[in-house]
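Notes follow the structure.
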Amino acid sequence: MTTKRISLAAIALTSVLISAGASAHVSGGVLVSNSNGKAVLDGAGACIKVTDGSYDDKCHPKPKAKPAPAPQPAPVPEVQKIMLSSDTLFDTDSDVIKKNGKTALKELVVHIKLLSDAKINIVGHADDRGSDSYNQALSERRATSVKNYLVNRGVDASSMTTSGKGESFPIEPNTTKAGRQKNRRVEISITGIKK
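Using mature numbering (1 follows the signal peptide of the UniProt record, and there is no 0), the letters of the sequence shown map in sequence onto residues -24 to -1, 1 to 171.
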């Protein structure tokens, strides 16, 4: 008898609530709401659903998590190519760095120290006066002198490579004094990411 009364009371309550429009459809049942349209909660604070007697905590579906922000693109390494005249760095037929050359290289060191993961390639060149083998050796010694200077100023030796091209890659004809001067040079390529 008691079971029949509870069942009849539940059916009556459901009928009244549905006919009064005081409910909302939620997956898994119908939420019971009061006359203000707010969900009716049980003693545990969960929403009451009619039809199957289950309830949904906090009355509403859980909000979806915000998607993770897109990863920042990797920094693009900066590439610079610096050409220093051999006349700025060295006297003719010498691999000893001159005072003006040291000033230019000091400025270069400041720039290099502003980069992370710096890779430095130093290439020496010569004009065509002298034998091929002599010019090759001279261009290599000049590149090594520049590297040694940079190392003494705190640049990591393992970040640098050196080579000499001798007279193989002139940028001007070697037929004039001005052309030969431009061909006696050191080219420094620097790749790195600004800190």
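Ideal Cβ positions, reconstructed from N, Cα and C, are used throughout, including at glycine.
Note that the structure is a prediction, hence the values are computed from the model and not measured.
Going by alpha carbons, who is nearest to residue 162 out of 133, 114, 48, 90? Numbered from its first residue, the sequence shown carries residue 162 at position 186. Residue 162 has its Cα closest to that of 114, out of 133, 114, 48, 90.
Rounded to a whole number of angstroms, what is the C-alpha to C-alpha distance between residue 68 and residue 156? For this step, residue 68 is matched to residue 92 along the sequence shown. For this step, residue 156 is matched to residue 180 along the sequence shown. Distance between the alpha carbons of residue 68 and residue 156: 11 Å.
Could you check how far apart the C-beta atoms of residue 54 and residue 169 are, in whole angstroms? I think they sit under 8 Å. Against the sequence shown, residue 54 aligns to sequence position 78. Against the sequence shown, residue 169 aligns to sequence position 193. With a Cβ gap of about 7 Å, residue 54 and residue 169 count as contacting.
Where residue 173 and residue 40 are concerned, what is the direct C-alpha to C-alpha distance, given to the nearest angstrom? The question about residue 173 has no answer here: the residues shown for the chain are numbered -24 through 171.
Counting only the same chain and skipping the five closest in sequence on each side, list residues whose C-beta sits under 6 Å from that of residue 104. As a working note, residue 104 is residue 128 in the sequence shown. Excluding five sequence positions before and after residue 104, the CB atoms of its chain that fall closer than 6 Å to its own CB belong to 143, 150, given in chain order.
Could you spell out where the beta strand (DSSP E) holding residue 117 opens and where it closes? On the sequence shown, position 141 is the one that residue 117 refers to. Per DSSP, residue 117 lies in no beta strand (DSSP E) segment; the continuous alpha helix (DSSP H) that holds it begins and ends at 108 to 128.
Exposed or buried, what is residue 134 when buried is set at 16 or more other beta-carbons lying within 10 Å of its beta-carbon? Translated into the one-based positions of the sequence shown, residue 134 becomes position 158. For residue 134, the number of other beta carbons within 10 angstroms of its own is below 16, and it is reported as exposed.
Min CB distance residue 55 to chain C below 8 Å: The structure shown has no chain C; it contains just one protein chain.
Out of 91, 109, 102, which has the shortest C-alpha to C-alpha gap to residue 61? Position 85 of the sequence shown holds residue 61. Relative to residue 61, the option among 91, 109, 102 whose CA is nearest is 102.
Determine the closest residue to residue 93 out of 22, 153, 131, 158, with distance taken between C-alpha atoms. Translated into positions along the sequence shown, residue 93 becomes position 117. Cα-wise, what sits closest to residue 93 is 131.
Are there 16 or more other CB atoms within 10 angstroms of the CB of residue 90, so buried, or fewer, so exposed? Looking up residue 90 in the sequence shown gives position 114. With fewer than 16 other Cβ atoms within 10 Å, it is exposed.
Distance, residue 122 Cα to residue 176 Cα: Since the first and last residues shown for the chain are -24 and 171, residue 176 lies out of range.
Quick one: what does DSSP say residue 64 is sitting in, helix, strand or coil? Numbered from its first residue, the sequence shown carries residue 64 at position 88. Three-state result, residue 64: helix.
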